[in-house]
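Comments concern the structure below.
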Amino acid sequence: MSELFRLTKTSLYFGNTPVIHEANLTIKNGGITCIIGPSGAGKSTLLRSLNRMNDLIADFHHKGTIMYNNRDIYDKGLRLEGLRREVGLVFQKPCLFPGSIHDNVIFGIRHIREKKKEGFKVIAERTLKAVGLWDEVHNRLDSPAIGLSEGQAQRLAIARALAVGPKTLLLDEPTSSLDHRSARAIETLVKELGRTMTIVIVTHKLEQAKALADDVVFICEGKICEAGEAANIFSHPENIETRCYIEGSPPLDPTLPYPE
Ligand SMILES: Nc1ncnc2c1ncn2[C@@H]1O[C@H](COP(=O)(O)OP(=O)(O)OP(=O)(O)O)[C@@H](O)[C@H]1O
Ligand SMILES: [Mg+2]
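Printed below as a string of structure tokens:
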């Protein structure tokens with residue numbers, strides 16, 4: 451599989467503090483890459499860097515390079531809008547806008563001419579079906595989206611991202627605030643989407659990562675400790691911090707010999 455993202459000596463800063471320090475990482479084109487690691491490790495910041503969403507934060511800056519499809523995403527000639535159309539982001543908390551369910555699905559495509567041609571209704575139906583929400587909402591598309599349950603709201607947020615037609619979807623802990631059943635529905639959806647597009651997902655849940663991931667990136671204290679095929683990392687983690695995290699044991703003193 452070809453590579454989609456390549457980070458080279460990438461550091462991500464808020465103010466003077468590097469939250470991610472000199473990361474070298476490639477993410478493959480296609481399939482599901484899970485970013486895991488302890489709270490505060492820098493997972494969300496790394497994820498947001500892939501479509502330059504951190505740029506919205508006032509004191510953010512970066513060093514090093516982030517390539518997407520062999521192109522530097524900070525290249526002066528690159529259209530940010532084009533990047534964000536190809537690389538969509540879904541936040542941890544489903545963020546719905548005031549307005550109807552239909553309005554929310556088409557929010558990101560209202561000004562895209564070729565989408566207008568295809569027809570917003572057609573796109574809304576297609577994407578709501580893709581996220582398994584159509585049957586639940588098709589007879590109340592004009593009702594306020596605010597009335598949806600958290601699980602439905604998160605699927606609506608994913609439908610809105612899909613409506614734009616991204617090639618890559620970034621998901622930041624999309625199931626963290628959902629009950630078990632809603633979380634399973636999202637996991638099934640993510641697995642399905644991973645067959646036809648690239649998914650990069652941050653998760654706290656190891657079981658979820660094991661169920662979904664083709665590849666895993668383990669981050670600890672702003673460093674990429676280990677990255678590669680999920681099957682290898684979960685069965686034979688090379689890095690001691692990865693191993694402790696996966697086994698659920700407290701981090702060990704790194705100066706001690708690697709435990710057998
Ligand atoms: N806007 C910001 N300004 C300053 N510091 C920030 C900002 N956003 C995040 N940070 C800091 O950067 C570090 C990494 O945060 P980040 O949200 O990327 O971690 P995370 O691994 O996603 O954590 P969690 O699992 O709790 O979501 C943390 O120390 C956090 O406090
Ligand atoms: Mg986070």
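If you read the sequence shown in the working numbering, its first letter stands for residue 451, the second for the next number, and so on. Just so it is clear, CB atoms sit at the ideal spot from N, CA and C, and this is done for glycine as well.
| request: Could you spell out where the alpha helix (DSSP H) holding I585 opens and where it closes? | output: Reading the sequence shown from its first residue, position 135 is the one you call residue 585. Note on residue identity: the sequence assigns Asp, not Ile, to residue 585. It spans W584 to V587 - the alpha helix (DSSP H) in which D585 sits, taken as one unbroken run.
| request: Count the other C-beta atoms from every protein chain shown that fall within 10 angstroms of the C-beta of S499, then say buried if there are 16 or more, exposed otherwise. | output: Mapped onto the sequence shown, residue 499 falls at position 49. By the 10 Å Cβ count, S499 comes out buried.
| query | Would you say L639 and G538 are within 9 Å of each other, going by their C-beta atoms? | reply | The residue labelled residue 639 in the question sits at position 189 within the sequence shown. The residue labelled residue 538 in the question sits at position 88 within the sequence shown. No. Outside cutoff.
| message | For a test of your reading of the model: does the CB of G464 fall under 8 Å from any non-hydrogen atom of ligand 1? Yes or no. | response | Residue numbering aside, residue 464 sits at position 14 when the sequence shown is read from its first letter. Sequence inspection shows Phe at residue 464; the Gly mentioned does not correspond to that position. Indeed, a heavy atom of ligand 1 lies less than 8 Å from the Cβ.
| Can we count L628 as close to ligand 1, meaning its CB is less than 8 Å from some heavy atom? | Numbered from 1 along the sequence shown, position 178 holds the residue referred to as residue 628. Checking the Cβ of L628 against ligand 1 gives no.
| said: Which same chain residues end up closer than 7 Å to A633 when comparing Cβ atoms and leaving out the 5 residues on each side of it in sequence? | reply: Within the sequence shown, residue 633 is the residue found at index 183, counting from 1. For A633, where only same-chain residues beyond five positions count, the Cβ hits under 7 Å are T625.
| task | Can you have a look at F547 and say buried or exposed, based on whether 16 or more other CB atoms are within 10 angstroms of its CB? | result | The residue you call residue 547 lines up with position 97 of the sequence shown. With fewer than 16 other Cβ atoms within 10 Å, it is exposed.
| field | Local conformation of G601 per DSSP, three classes | value | Counting from 1 along the sequence shown, the entry for residue 601 is found at position 151. Helix.
| query | Is there contact here, the stretch 649-656 with the stretch 475-492, by at least three beta-carbon pairs under 8 Å? | reply | yes
| query | Around the Cβ of N554, are there at least 16 other Cβ atoms within 10 angstroms (buried) or fewer (exposed)? | reply | The residue given as residue 554 occupies position 104 in the sequence shown. N554 comes out buried.
| Burial state of C545 (16 or more Cβ within 10 Å) | The residue labelled residue 545 in the question sits at position 95 within the sequence shown. Counting other Cβ atoms within 10 Å of its Cβ, C545 stays below 16 and is therefore classed as exposed.
| query | Which residues bound the beta strand (DSSP E) around C670? | reply | The residue labelled residue 670 in the question sits at position 220 within the sequence shown. Start and end: D665 to C670.
| query | Residues bridged to I477 by DSSP? | reply | To locate residue 477, count along the sequence shown from 1; it is residue 27. For I477, which the question treats as bridged, DSSP gives the partners F455.
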